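Protein chains in written order, with numbering that gives the first Met the number 0: chain A, 0 to 99; chain B, 0 to 99.
Where a beta carbon is used, it is the ideal one built from N, C-alpha and C, also for glycine.
Since we're looking at a predicted model, the values are computed, not measured.
For reference, the structure discussed in these notes is given below.
There are 2 protein chains.
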Amino acid sequence: MLIKPSTLDAIFKALADRNRRAIFEALCHGPAPVTEIAELMPITLSAVLQHVQVLEAKGLVHSDKVGRLRTCRVETEALGILRYWVEARQRDFRRAERRR
Amino acid sequence: MLIKPSTLDAIFKALADRNRRAIFEALCHGPAPVTEIAELMPITLSAVLQHVQVLEAKGLVHSDKVGRLRTCRVETEALGILRYWVEARQRDFRRAERRR
DNA sequence: GGAATACTGAAGTAACCGCTTAAGGATTAA
DNA sequence: TTAATCCTTAAGCGGTTACTTCAGTATTCC
């Protein structure tokens with residue numbers, strides 16, 4: 000697998016913010032509407048929505064609006080990519096160590 | 000294992016920058032002095048040093064100065080933490096899916 | 001000693017980020 | 001049909017970031 004730097008940029012940037020990561024973590028336990036997510040957080044509903052939009056733009060979350068409710072759910076591909084990247088770095092390191 | 004949000008903040012922020020990530024990736028293949036790293040990169044030596052300092056401050060890299068050469072090497076703990084976090088999210092997600 | 005090499009720090013700057021407030025649109029409930 | 005609920009957008013603001021240039025220090029080589 001070959002991952003584009005821009006893809007990793009998107010994933011790491013999306014998860015680098017504590018609140019955004021908290022939203023993502025919450026959604027890993029199951030889908031939730033925006034307001035419900037916001038209740039757990041120390042920021043405005045507006046800020047939460049902005050975070051959700053960022054997460055969605057970078058492909059970590061998908062959301063669907065039914066009536067006045069927008070339900071957000073996690074997209075798992077990003078986690079797979081991230082894990083793959085980490086494991087590749089660990090492999091590189093171990094290989095370099097053996098060569099030493 | 001329980002990871003502090005500030006630890007994850009540090010790791011994700013450190014790796015969210017493309018150039019900084021490139022430095023980290025390069026160092027996973029083995030230690031290198033600052034100038035050698037800089038040769039592979041589209042930015043100034045000064046900028047590279049600043050990135051190295053960030054990586055070091057956040058615990059992803061350690062460096063040692065001998066004479067006029069500062070040799071940088073990867074600290075692998077961050078990768079372990081990152082991998083653990085990803086796997087925990089994947090577990091959360093699968094558990095939530097089963098419950099569905 | 002003098003020149004080249006390798007790093008270091010400071011200052012400045014342009015761009016980006018996360019957040020709030022405020023105002024509004026759409027949907028549902030009474 | 002009115003009120004409550006849920007989301008959405010825009011504007012603005014303060015803080016942070018990545019970068020450059022420039023000027024410097026320490027070390028090694030000749």
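Against residue i, what residues of chain B qualify as contacts under a CB-to-CB distance less than 8 Å, listed in chain order?
i	result
Val-65(A)	Chain B residues near Val-65(A): none, gap ~17 Å exceeds 8 Å.
Leu-81(A)	Leu-81 and Val-85
What residues are listed by DSSP as bridge partners for residue i?
i	result
Asp-63(B)	Thr-70(B)
Pro-32(B)	Thr-70(B)
Let me check you understand the geometry: is the CB of residue i closer than 7 Å to at least one non-hydrogen atom of the ligand GTP?
i	result
Lys-12(B)	This structure lacks the ligand GTP, and indeed carries no ligand of any kind.
Applying a beta-carbon distance threshold of less than 7 Å, which residues of chain A neighbour residue i?
i	result
Arg-100(B)	Outside the modelled stretch of chain B, which goes from 0 to 99, sits residue 100(B), for which no answer is possible.
For residue i, go through chain A and note every residue whose CB falls closer than 8 Å to its CB, in chain order.
i	result
Ala-95(B)	Cys-27, His-28 and Gly-29
Since residue i and residue j should fall inside the 8 Å C-beta cutoff, what is the C-beta to C-beta distance between them, to a whole number of angstroms?
i	j	result
His-64(B)	Ile-10(B)	Here residue 64(B) is Lys; the residue named in the question, His, does not match the sequence. Between Ile-10(B) and Lys-64(B) the Cβ distance is about 25 Å, and since that is not below 8 Å, they are no contact.
Glu-76(A)	Val-60(A)	With a Cβ gap of about 11 Å, Glu-76(A) and Val-60(A) do not count as contacting.
His-50(B)	Arg-19(B)	5 Å
By the 7 Å beta-carbon criterion, what residues does the segment 22-36 of chain A contribute toward chain B?
Glu-24, Cys-27, His-28 and Gly-29
Interface residues of the segment 50-78 of chain A facing chain B [CB-CB below 7 Å]
Val-73, Thr-75 and Leu-78
Mind checking the segment 3-24 of chain B against chain A and listing, in chain order, the residues whose C-beta falls within less than 7 Å of any C-beta there?
Pro-4, Leu-7, Asp-8, Phe-11, Lys-12, Leu-14, Ala-15, Arg-17, Arg-20 and Glu-24
If you pair each beta-carbon of the segment 43-55 of chain B with each one of the segment 26-39 of chain A, do three or more pairs fall below 8 Å?
no
Could you check whether the segment 2-14 of chain B touches the segment 79-95 of chain B, counting it as contact only if at least three pairs of C-beta atoms, one from each stretch, sit closer than 8 Å?
yes
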